[in-house]
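Peer 1: Can you keep this structure in mind? I'll have questions shortly.
2 protein chains.
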Amino acid sequence: MEPQFRHMSIVGAQGQMGSLFSKRFRELGCFVAELDQPLEQEAIERALSKSDLVLLCVPVTAMADVLDKIMPHMDEQAVLADVGSVKELPLRAMLKAHAGPVVGTHPLFGPVIPEGFAPRVAVVPGREKHARQADQVATLFHEAGFDPFMTTAAEHDKAMAFIQGLNFTTTAAYLAAAGRCPGIENYVTPSFNRRLDAARKMFTKDSELFGTIADANPYLQETARQFMTLFSLAAGGELDLLASLAQWWWRNENPREDCV
Amino acid sequence: MEPQFRHMSIVGAQGQMGSLFSKRFRELGCFVAELDQPLEQEAIERALSKSDLVLLCVPVTAMADVLDKIMPHMDEQAVLADVGSVKELPLRAMLKAHAGPVVGTHPLFGPVIPEGFAPRVAVVPGREKHARQADQVATLFHEAGFDPFMTTAAEHDKAMAFIQGLNFTTTAAYLAAAGRCPGIENYVTPSFNRRLDAARKMFTKDSELFGTIADANPYLQETARQFMTLFSLAAGGELDLLASLAQWWWRNENPREDCV
Chain A
1 MEPQFRHMSI
11 VGAQGQMGSL
21 FSKRFRELGC
31 FVAELDQPLE
41 QEAIERALSK
51 SDLVLLCVPV
61 TAMADVLDKI
71 MPHMDEQAVL
81 ADVGSVKELP
91 LRAMLKAHAG
101 PVVGTHPLFG
111 PVIPEGFAPR
121 VAVVPGREKH
131 ARQADQVATL
141 FHEAGFDPFM
151 TTAAEHDKAM
161 AFIQGLNFTT
171 TAAYLAAAGR
181 CPGIENYVTP
191 SFNRRLDAAR
201 KMFTKDSELF
211 GTIADANPYL
221 QETARQFMTL
231 FSLAAGGELD
241 LLASLAQWWW
251 RNENPREDCV
Chain B
1 MEPQFRHMSI
11 VGAQGQMGSL
21 FSKRFRELGC
31 FVAELDQPLE
41 QEAIERALSK
51 SDLVLLCVPV
61 TAMADVLDKI
71 MPHMDEQAVL
81 ADVGSVKELP
91 LRAMLKAHAG
101 PVVGTHPLFG
111 PVIPEGFAPR
121 VAVVPGREKH
131 ARQADQVATL
141 FHEAGFDPFM
151 TTAAEHDKAM
161 AFIQGLNFTT
171 TAAYLAAAGR
181 CPGIENYVTP
191 SFNRRLDAAR
201 KMFTKDSELF
211 GTIADANPYL
221 QETARQFMTL
231 FSLAAGGELD
241 LLASLAQWWW
251 RNENPREDCV
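Residue numbers (UniProt numbering), protein chains in the order written: chain A, 1 to 260; chain B, 1 to 260.
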């Protein structure tokens, strides 16, 4: 099959996501120019002169700098895309920098994809008129073995404010509150231990990442308010009602044990 | 070694915790009379007439009923003990029912103890003058391979309000809030999936248990308030401060990578 983009550049190609995509797209037969720090004008120019897709696999905080460096060499017809965890602000920055087509993407997985997990990729056209290029980018991801879907920056950022942002903030406040309880370490149960294990990476390695998401995701405060409203059910003792709302996540599980 | 209590009765011996302790204490050489539903007067009388320890492995909600049934047959010198997840209210109920020594315990693990996990047991003397019997109960658990420690009902219930209660309420409100976000299912990441998996049992099997804990643990509302105070840091954007408070849990991990 002819790949959607024969020549592309990946900026941040030595990062975890950049190297994953570089490998996968090369396996499709794409020519992938790999760029990474230090970003030198000559290398950028050589790579971008032939690229019909430039994929930014860089931290959200680095985007402004990277755009400054690459824009002078970017073909106006080439597609500019990113893979960041938020979409509204980065898309705005890319649209401001690039007059041509812009596509935002967010792969909803890390460099190691768990077995049986559908590796979805949110794809957002920068402008309505970029729908065709967004389709091409989605097709590229599909051909490389991922599971793309079209969405809007607002829907994406709202959803991620819950999935990532609220997970971080509620877990942080939970552990901070528990840590202030005298003698708490005597009372650690196996399930609390598992929750600590799951949180370890978030608070010892990724806490900067979450700070960035918090700064760049405009919906975090709204999700915090929605959380507070529901948590007030708990504070008021309405645990059964709250549990039944949480059970929405398992609504499609067949209660087979109960069937005759 | 001579076991602390040669003859004992376990009420709820067919339950998960009751059968675990029955097995372990028998392996020590104790004579364990097993009682379970339906609790019949004759069986109770036969078992309790010889027991110097009666261990209640029944749900907190069943305790009043069980006490009514067993008290007429209980020796005034025998130790009455329980294994429930809260301590203040059950201890009060046991002290009211039994004129003799009372000891509350809470094994901080389920029927399957993870490898490498120290299976701690909180032990609380019903009254100060029951300290000797509390020591005997602790020694019994120690000899059976568990890791007992002495505490008070108040310290225990406060700690468990954080470890179990606040885990339940914050996770419930988190999942309930996320479940109301349109399209959220497209955005499930591997780490959110792991959190869902960890929560499944809590909301599909144990939600009644948590309702019970909530009803019986007098410190849940106080922990909810402490949580809200810390969560307001998140709502105000102070994620770095909040993360640093949560990092207390990993304060003793040596950052060996950073050492020369």
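Built from N, CA and C at the ideal position, the CB exists for glycine as well.
Quantities reported herein were computed from a predicted structural model and do not represent experimental measurements.
My guess is that A:Thr151 and A:Val121 are in contact by the Cβ rule of under 8 angstroms, so how many angstroms apart are they, rounded?
Peer 2: Here residue 151 of chain A refers to the residue found at position 151 when the first sequence is read from its first residue. Here residue 121 of chain A refers to the residue found at position 121 when the first sequence is read from its first residue. Rounded, the Cβ-Cβ distance is 10 angstroms, inconsistent with contact.
Peer 1: Whole angstroms are fine: how far does the CA of A:Arg200 sit from the CA of A:Phe5?
Peer 2: Locating residue 5 of chain A in the first sequence gives position 5, where the first residue counts as 1. Locating residue 200 of chain A in the first sequence gives position 200, where the first residue counts as 1. Their backbone Cα atoms lie some 39 angstroms apart in a straight line.
Peer 1: Please identify, using Cβ separations under 9 angstroms, the residues of the segment 95-114 of chain B that lie next to chain A, in order along the chain.
Peer 2: His106, Leu108, Phe109, Gly110, Val112, Ile113, Pro114
Peer 1: My understanding is that A:Cys57 touches A:Gly12, with C-beta atoms under 8 angstroms, so please give their C-beta distance in whole angstroms.
Peer 2: As a position in the first sequence, residue 57 of chain A is number 57, starting the count at 1. As a position in the first sequence, residue 12 of chain A is number 12, starting the count at 1. That pair is a contact at about 4 angstroms.
Peer 1: Does the beta-carbon of A:Gln4, which I'm using as the reference point, lie nearer than 7 angstroms to any heavy atom of the ligand ADP?
Peer 2: You won't find the ligand ADP in this model; it holds no ligand whatsoever.
Peer 1: So is A:Pro59 in contact with chain B if we call contact Cβ pairs under 8 angstroms?
Peer 2: Position 59 of the first sequence, counted from the first residue, corresponds to residue 59 of chain A. Not one chain B Cβ lies under 8 angstroms of A:Pro59.
Peer 1: Can you tell me the Cα-Cα spacing of B:Ala243 and A:Lys158, whole angstroms?
Peer 2: Here the question's residue 243 of chain B lines up with position 243 in the second sequence. Here the question's residue 158 of chain A lines up with position 158 in the first sequence. C-alpha separation (whole angstroms): 22 angstroms.
Peer 1: Counting only Cβ pairs nearer than 7 angstroms, list the residues of chain B close to A:Leu230.
Peer 2: Within the first sequence, residue 230 of chain A is the residue found at index 230, counting from 1. Residues of chain B passing the Cβ test: Ala173, Ala176, Ala177.
Peer 1: Mapping DSSP to helix, strand and coil, what is A:Gly179?
Peer 2: Along the first sequence, one-based indexing puts residue 179 of chain A at 179. Here A:Gly179 sits in helix by DSSP.
Peer 1: Helix, strand or coil for A:Met74? Go by DSSP, reduced to three states.
Peer 2: Position 74 of the first sequence holds residue 74 of chain A. Coil, per DSSP.
Peer 1: For chain B, find out if any of its Cβ atoms is closer than 8 angstroms to the Cβ of A:Gln247; answer yes or no.
Peer 2: Within the first sequence, the letter at position 247 stands for residue 247 of chain A. A:Gln247 counts as touching chain B.
Peer 1: Shorter than 8 angstroms from the beta carbon of A:Asn193 to some beta carbon of chain B?
Peer 2: Against the first sequence, residue 193 of chain A aligns to sequence position 193. It does; some Cβ of chain B falls within 8 angstroms.
Peer 1: Mind checking A:Pro107: buried by the 16 CB within 10 Å criterion, or exposed?
Peer 2: Taking the first sequence and counting its residues from 1, the one referred to as residue 107 of chain A is at position 107. A:Pro107 should be labelled buried.
Peer 1: Note down, in chain order, each residue of its chain lying with its Cβ closer than 7 angstroms to the Cβ of A:Val260, except the 5 sequence neighbours on either side.
Peer 2: In the first sequence, the residue the question calls residue 260 of chain A occupies position 260. With a pLDDT of 39 at A:Val260, under the threshold of 50, the modelled position of that residue is not reliable, and no figure is offered here.
Peer 1: Quick one: does A:Val188 have its CB under 8 angstroms from some CB of chain B?
Peer 2: Position 188 of the first sequence holds residue 188 of chain A. Yes, its Cβ sits closer than 8 angstroms to a Cβ of chain B.
Peer 1: For B:Arg120, go through chain A and note every residue whose CB falls closer than 7 angstroms to its CB, in chain order.
Peer 2: As a first step, residue 120 of chain B is located in the second sequence; it is residue number 120 there, counting from the start. Under the 7 angstroms cutoff, chain A gives Asn186.
Peer 1: Which of the three DSSP states, helix, strand or coil, is assigned to B:Asp258?
Peer 2: As a first step, residue 258 of chain B must be located in the second sequence, where it is residue number 258. Because B:Asp258 sits at a pLDDT of 47, beneath the cut-off of 50, its placement in the model cannot be relied upon, and the following sentence gives the value as read from the coordinates. DSSP, reduced to helix, strand and coil, places B:Asp258 within a helical segment of the structure shown.
Peer 1: Just verifying my parser: in three-state terms, what is the DSSP assignment at B:Ile113?
Peer 2: Here residue 113 of chain B refers to the residue found at position 113 of the second sequence. Reduced to three states, the DSSP call for B:Ile113 is coil.
Peer 1: 8 angstroms is my cut-off, CB to CB: does B:Lys69 come that close to chain A?
Peer 2: Residue 69 of chain B sits at position 69 when you count from the first residue of the second sequence. Chain A has no Cβ within less than 8 angstroms of the Cβ of B:Lys69.
Peer 1: Determine whether the beta carbon atoms of B:Ala98 and B:Met63 lie at a separation below 8 angstroms.
Peer 2: By 1-based counting over the second sequence, the position of residue 98 of chain B is 98. By 1-based counting over the second sequence, the position of residue 63 of chain B is 63. Checking the sequence, you will find His at residue 98 of chain B rather than Ala. No, the pair does not count as a contact, with Cβ atoms beyond the cut-off.
Peer 1: Please list the terminal residues of the continuous alpha helix (DSSP H) segment that includes A:His142.
Peer 2: One-based indexing of the first sequence puts residue 142 of chain A at position 142. Residues 131-143.
Peer 1: When you compare each of B:Gly116, B:Gln221, B:Ala153, B:Met74 to B:Ile44 by their alpha carbons, which one comes out closest?
Peer 2: On the second sequence, residue 44 of chain B is found 44 positions in, with the first residue counted as 1. It is B:Met74 whose Cα lies nearest to the Cα of B:Ile44.
Peer 1: Does chain B have any CB closer than 8 angstroms to the CB of A:Gly145?
Peer 2: Position 145 of the first sequence, counted from the first residue, corresponds to residue 145 of chain A. Closer than 8 angstroms: no.
Peer 1: What are the boundary residues of the alpha helix (DSSP H) that includes A:Ala93?
Peer 2: Numbered from 1 along the first sequence, position 93 holds the residue referred to as residue 93 of chain A. Counting along the chain, the alpha helix (DSSP H) containing A:Ala93 begins and ends at 88-97.
Peer 1: Of the residues A:Gln16, A:Ala134, A:Thr170, which one's Cα is nearest the Cα of A:Ala153?
Peer 2: As a working mapping, residue 153 of chain A is identified with position 153 in the first sequence. Taking only the C-alpha atoms, the option nearest A:Ala153 is A:Ala134.
Peer 1: Return the Cβ separation of A:Glu88 and A:Pro190 in integer angstroms, given the expectation that the two are a contact with Cβ distance under 8 angstroms.
Peer 2: Position 88 of the first sequence holds residue 88 of chain A. Position 190 of the first sequence holds residue 190 of chain A. Rounded, the Cβ-Cβ distance is 41 angstroms, inconsistent with contact.
Peer 1: Measure from the C-beta of B:Arg26 to each C-beta in chain A and report whether the shortest distance is under 8 angstroms.
Peer 2: Walking along the second sequence from the start, residue 26 of chain B turns up at place 26. It does not: the Cβ of B:Arg26 has no partner Cβ on chain A nearer than 8 angstroms.
Peer 1: Can you tell me the Cβ-Cβ gap for B:Gly179 and A:Leu245, rounded? I've got them flagged as a contact below 8 angstroms.
Peer 2: The residue you call residue 179 of chain B lines up with position 179 of the second sequence. The residue you call residue 245 of chain A lines up with position 245 of the first sequence. About 7 angstroms separates the CB atoms of B:Gly179 and A:Leu245; that is less than 8 angstroms, so the two are in contact.
Peer 1: If I measure Cβ to Cβ from A:Asp258 and keep anything under 6 angstroms in the same chain, skipping five residues before and after, which residues do I get?
Peer 2: Start at 1 with the first residue of the first sequence, and residue 258 of chain A comes out as number 258. Note that A:Asp258 has pLDDT 47, beneath the 50 cutoff, so the model's placement of it is unreliable and the number below is only indicative. Excluding sequence neighbours, A:Asp258 sits near nothing in its chain.
Peer 1: Where does B:Pro101 land, buried or exposed, given buried means 16+ other C-beta within 10 angstroms?
Peer 2: Taking the first residue of the second sequence as position 1, residue 101 of chain B is located at position 101. Classification of B:Pro101: buried, given that the 10 Å Cβ count is 16 or more.
Peer 1: Could you tell me how far apart the beta carbons of A:Ala81 and A:Leu53 are, in whole angstroms, since I believe they sit closer than 8 angstroms?
Peer 2: Looking up residue 81 of chain A in the first sequence gives position 81. Looking up residue 53 of chain A in the first sequence gives position 53. Correct: roughly 6 angstroms between the Cβ atoms.
Peer 1: Between the segment 71-90 of chain B and chain A, which residues of the former have CB atoms less than 8 angstroms from a CB of the latter, in chain order?
Peer 2: Correct list: empty, as no residue qualifies.
Peer 1: Could you pull out every residue in the same chain whose Cβ sits closer than 7 angstroms to the Cβ of A:Phe21, ignoring the five residues on either side in sequence?
Peer 2: For the purposes of this step, residue 21 of chain A is taken as the residue at position 21 of the first sequence. Answer for A:Phe21: Ile10, Leu55, Cys57, listed in chain order.
Peer 1: 8 angstroms is my cut-off, CB to CB: does B:Asp240 come that close to chain A?
Peer 2: Indexing the second sequence from 1 puts residue 240 of chain B at position 240. It does; some Cβ of chain A falls within 8 angstroms.
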